[in-house]
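Chemist: So that we are looking at the same thing, I have put the structure below in structure tokens.
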Amino acid sequence: MKVIGLLGGMSWESSIEYYRFVNERVKAVLGGFHSAHTVLYSVDFAAIEAMQADGRWDEAGAELNRAAKALEAAGADFVVLCTNTMHKVADRLEAGLGIPLVHLGDATAAAIKAAGIRRVGLLGTGFTMGQPFYRDRLAAHGLDVLVPDAGDRELVHRVIYDELVLGVVKPESREAYRAVIARLVNRGAEGVIYGCTEIELLVSPEDSPVPTFPTTRLHADAAVDYALGKIPLPAPPG
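Letter by letter, the sequence shown follows residues 5 to 242 of the numbering used here.
Below is the structure:
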């Protein structure tokens with residue numbers, strides 16, 4: 005079994021879910037007392053969030069690059085970046101790294117295509133919904149991605165940062181998310197990506213009238229498939 009390098013802390017609430025999901029999947033596949041070989045590096049999200057807010061993405065990428073290299077030094081065979089938004093700096097994270105990054109966008113796209121869906125709605129942080137880095141990765145797999153309108157994007161982002169990353173789950177926010185999902189479906193979305201690791205703390209598949217793609221679980225499942233050799237690892241960067 006290969007060693008999974010979890011790069012988390014953004015937020016730690018969702019990093020817990022990554023750790024739980026990879027171990028649940030290993031146990032389901034191998035049975036008995038089996039658990040995943042993992043190394044976890046958890047950053048201080050306050051520092052990363054400040055860099056996001058100030059637009060200091062190069063600095064954030066450099067911080068994650070240092071963390072990824074620490075995972076490599078600790079024996080990880082590949083890196084799993086436990087956040088959607090920070091895949092914006094995936095290229096910077098990979099600089100000089102000798103092990104591959106398992107990209108969340110690729111794992112998500114594979115699941116969507118396997119479901120026979122081509123047009124999907126995307127929920128996430130304002131960065132993920134409003135900037136092209138995530139949509140372009142999905143589009144490269146032949147997917148058509150819809151994002152909420154500006155007002156709904158602001159609502160979705162605010163709930164993530166003001167509530168979910170702090171561990172606060174409000175019923176009224178769940179209802180607001182359900183309304184946003186319904187509007188995406190009315191625009192033609194055949195499925196909806198829960199494209200922020202915290203969103204899964206608030207809404208479930210039952211909150212959507214169309215199939216949902218929870219990126220935390222999809223990413224964790226892909227990590228286990230790589231760790232167990234069910235699918236070949238991507239080549240290391242460079």
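Here a beta-carbon is modelled for each residue, glycine too, at the ideal position from N, C-alpha and C.
Tell me whether Glu21 counts as near the ligand GTP, meaning its Cβ is closer than 7 Å to at least one heavy atom of that ligand.
Modeler: This structure does not include the ligand GTP; it has no bound ligands of any sort.
Chemist: Are there 16 or more other CB atoms within 10 angstroms of the CB of Gly125, so buried, or fewer, so exposed?
Modeler: So Gly125 counts as buried.
Chemist: Quick check on Thr201: does DSSP put it in helix, strand or coil?
Modeler: Thr201 falls in the coil class under three-state DSSP.
Chemist: Is DSSP giving Ser39 helix, strand or coil here?
Modeler: In this structure, Ser39 counts as coil in the three-state DSSP scheme.
Chemist: Decide if Pro218 is buried, meaning its Cβ has at least 16 other Cβ atoms within 10 Å, or exposed.
Modeler: Classification of Pro218: buried, given that the 10 Å Cβ count is 16 or more.
Chemist: Return the CA-CA distance between Val163 and Pro104, expressed in angstroms with no decimal places.
Modeler: Looking at the two C-alpha atoms, the distance is approximately 32 Å.
Chemist: Quick one, which of Lys31, Phe49, Gln56, Val84 has its alpha-carbon nearest Val43's?
Modeler: Looking at the Cα atoms, Val84 is the closest of the given residues.
Chemist: Along the beta strand (DSSP E) that carries Val184, what are the first and last residues, could you check?
Modeler: Run containing Val184: none in the beta strand (DSSP E); it sits in the alpha helix (DSSP H), 175 to 190.
Chemist: For Gly233, count neighbouring Cβ atoms within 10 angstroms of its own Cβ and tell me buried if that reaches 16, exposed if not.
Modeler: Burial call: exposed.
Chemist: Short check: CB of Val149 to CB of Ala143, under 8 Å?
Modeler: It is a contact, given that the beta carbons lie within the stated cut-off.
Chemist: So, Gly195 versus Tyr138, is the Cβ gap smaller than 8 Å?
Modeler: Cβ distance not < 8 Å, so Gly195 and Tyr138 don't count as in contact.
Chemist: Beta-carbon separation of Ser19 and Cys86 under 8 Å?
Modeler: Closer than 8 Å, so yes.
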